[in-house]
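Contents: one structure, followed by commentary.
Residue numbers (the working numbering): 502 to 896.
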């Protein structure tokens with residue numbers, strides 16, 4: 502696996518695919534700088550070597566060139582975070598880009614306009630990728646969030662840099678962290694899978710059953726498993742057409758010696774609202790008109806024991822409706838358990854949109870071994886897929 506450390510960037514122009522798809526408010530201020538900060542170590546290393554940097558990214562889902570999706574809006578924030586006055590090219594290809602790249606001096610950073618202003622980017626157009634490639638000497642992919650897309654800037658471009666291509670710091674860390682769970686894990690390994698649907702996690706579950714010792718099921722998908730086993734779930738969310746699948750997962754887990762832990766009690770609400778009346782009830786005996794919204798105290802005590810005994814933990818998905826304070830206690834408790842295990846030397850990987858959001862919201866970000874930046878990309882790796890953006894560098 503080639504990384505930045507395999508190259509000396511002195512007097513070289515590195516063209517880097519970053520993920521600067523950041524949220525903006527109505528005044529075009531960046532409201533979450535995580536992704537820009539995540540790219541900084543890669544950029545710093547290249548500039549320290551005496552090289553220059555050309556950044557390419559997408560922003561949003563524009564239909565053609567739309568001003569509200571222009572990357573010029575993030576220039577000020579990027580300059581502040583990177584500690585260098587970032588230059589801007591109002592196109593990512595053509596004369597404007599060629600001239601800006603040609604004039605770039607060692608120690609300077611150039612940001613190209615939104616790649617998705619051109620339909621060729623998402624189409625994986627070879628000619629478009631070749632034009633992007635002509636701007637730099639070395640190609641660096643540091644955008645894990647888009648590594649599962651075979652787009653021009655994430656995958657196709659790599660073919661024009663036979664030896665001169667590598668992973669950036671962020672992408673290398675993502676690959677290492679996922680491999681620590683899937684390939685080089687220290688046992689016992691525990692996977693915590695939450696969220697609302699079994700259907701969205703089925704391929705992940707099937708792929709990791711051979712690699713884990715314990716699987717904690719939480720969130721809304723709990724009730725598909727409970728109902729499949731004959732439980733009464735009241736008004737709880739349930740995928741009725743996935744009950745047989747849930748039983749099949751339990752059968753396979755038993756065959757492979759994987760212990761599956763499903764909540765035994767839940768905090769139920771009489772309404773899907775923060776102001777709902779609540780009661781703690783047996784997970785298999787939820788009254789009509791009530792729905793399970795969070796893991797209960799007995800469940801949390803059982804989960805804590807499993808987590809504290811684990812040496813490797815994967816956390817993907819919350820235990821309850823954490824967006825509502827009334828039903829956030831289970832997810833917060835889980836975060837505390839994983840943080841405590843991590844402090845004791847356990848390797849913990851958090852990934853997938855909602856669990857990352859929860860970790861940030863409740864201040865656990867620095868207490869986990871690694872928090873993944875790429876939701877869809879991480880899920881596909883956990884499903885056992887080879888991501889085109891990664892394969893293109895390894896080729």
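C-beta: ideal position from N, C-alpha, C; glycine also.
Since the structure is predicted, the reported quantities are computational estimates derived from the model, not experimental observations.
Buried or exposed (CB count within 10 angstroms, at least 16 for buried), residue 642: Per the 10 Å Cβ criterion, buried.
Cross-strand partners of residue 716 (DSSP beta bridge): Beta-bridge pairing links residue 716 to 692, 761.
Rounded separation between residue 850 and residue 539 - CA only: About 16 Å.
Three-state secondary structure (DSSP) of residue 848: In the three-state reduction of the DSSP assignment, residue 848 falls in the strand class.
Alpha helix (DSSP H) segments (min. 4 residues) lying fully within the segment 731–810: Secondary structure within the segment 731–810: the alpha helix (DSSP H) runs of 4 or more consecutive residues, fully enclosed, are 744–756, 798–809 (chain order).
Whole-angstrom distance between residue 618 and residue 803, CA atom to CA atom: Taking the straight line from one Cα to the other gives about 51 Å.
Coarse secondary structure for residue 700, derived from DSSP in three states: Under the three-state reduction of DSSP, residue 700 is assigned to coil, being neither helix nor strand.
Cβ separation of residue 698 and residue 721, assumed to be a contact under 8 Å, to the nearest whole Å: With 8 Å as the limit, residue 698 and residue 721 qualify as a contact, their Cβ atoms being about 7 Å apart.
Touch test, the segment 760–772 against the segment 796–815, Cβ-Cβ under 8 Å, three pairs minimum: Touching, per the Cβ criterion.
Segment limits, beta strand (DSSP E) that includes residue 729: No beta strand (DSSP E) contains residue 729, which is instead part of the alpha helix (DSSP H) from 723–729.
Host beta strand (DSSP E) of residue 579 (start-end): For residue 579, no beta strand (DSSP E) run applies; the uninterrupted alpha helix (DSSP H) run containing it begins and ends at 576–583, by DSSP.
Range covered by the beta strand (DSSP E) that runs through residue 554: 553–557 is the span of the beta strand (DSSP E), which, as asked, contains residue 554.
Per DSSP, cross-strand counterpart(s) of residue 676: Its beta-bridge partners do not exist; DSSP assigns none.
Chain-order list of residues whose beta-carbon lies under 7 Å from that of residue 753 (same chain, five-residue window excluded): Apart from sequence neighbours up to five positions away, the residues of its chain that approach residue 753 with a beta-carbon distance below 7 Å are 710, ordered along the chain.
Nearest-angstrom Cα separation, counted from residue 708 out to residue 881: When the Cα atoms are used, residue 881 and residue 708 turn out to be separated by approximately 10 Å.
Residue 601 and residue 616 closer than 9 Å at C-beta: Going by beta carbons, residue 601 and residue 616 fall outside the 9 Å limit.
Euclidean distance between Cα positions of residue 716 and residue 676: Rounded to the nearest whole angstrom, the C-alpha separation of residue 716 and residue 676 is 22 Å.
Residue 797, buried or exposed, once every other Cβ within 10 Å from all chains shown has been counted against 16: By the neighbour-count rule (16 or more Cβ atoms within 10 Å), residue 797 is buried.
Of the residues 524, 840, 557, the one placed nearest residue 515, counting alpha carbons only: Among 524, 840, 557, the Cα nearest to that of residue 515 is on 557.
Alpha-carbon spacing of residue 819 relative to residue 738, whole angstroms: Distance between the alpha carbons of residue 819 and residue 738: 15 Å.
Within the segment 585–636, ranges of the alpha helix (DSSP H) (whole runs, at least 4 residues): For the segment 585–636, whole alpha helix (DSSP H) runs of length 4 or above, ordered along the chain, are 595–604, 620–624, 627–634.
Beta-carbon gap between residue 813 and residue 682 smaller than 9 Å: Contact: yes.
For residue 888, the three-state DSSP class (helix, strand or coil): Three-state result, residue 888: coil.
Beta carbon proximity, residue 874 to chain C, threshold 9 Å: Within the model displayed, chain C is absent; a lone protein chain is all it includes.
Beta-carbon contacts of residue 563 that lie in its chain and below 7 Å, excluding the five residues immediately before and after: Correct list, in chain order: 570, 615, 617, 618.
Which listed residue (629, 667, 701) has its alpha carbon closest to that of residue 884: Minimum Cα distance to residue 884 is reached at 701.
Residue 584 burial status per 10 Å Cβ neighbour count (16 or more: buried): Exposed is the label assigned to residue 584, since fewer than 16 other Cβ atoms lie within 10 Å of its Cβ.
Whole-angstrom C-beta distance between residue 559 and residue 522, which should lie under 8 Å: Contact between residue 522 and residue 559 holds: their C-beta atoms lie close to 6 Å from each other, under 8 Å.
Per-residue burial, residue 889 [other beta carbons within 10 Å of its own, 16 or more giving buried]: Looking at its Cβ environment, which holds 16 or more other Cβ atoms inside 10 Å, residue 889 is buried.
Per-residue DSSP class, three states only, for residue 532: DSSP places residue 532 in the coil class of the three-state scheme, outside both helix and strand.
Integer-rounded CB distance, given that residue 894 should sit under 8 Å from residue 667: Yes, residue 667 and residue 894 are in contact; Cβ-Cβ is about 7 Å, under 8 Å.
Limits of the beta strand (DSSP E) - the one that residue 515 falls within: That run of the beta strand (DSSP E) goes 514–518.
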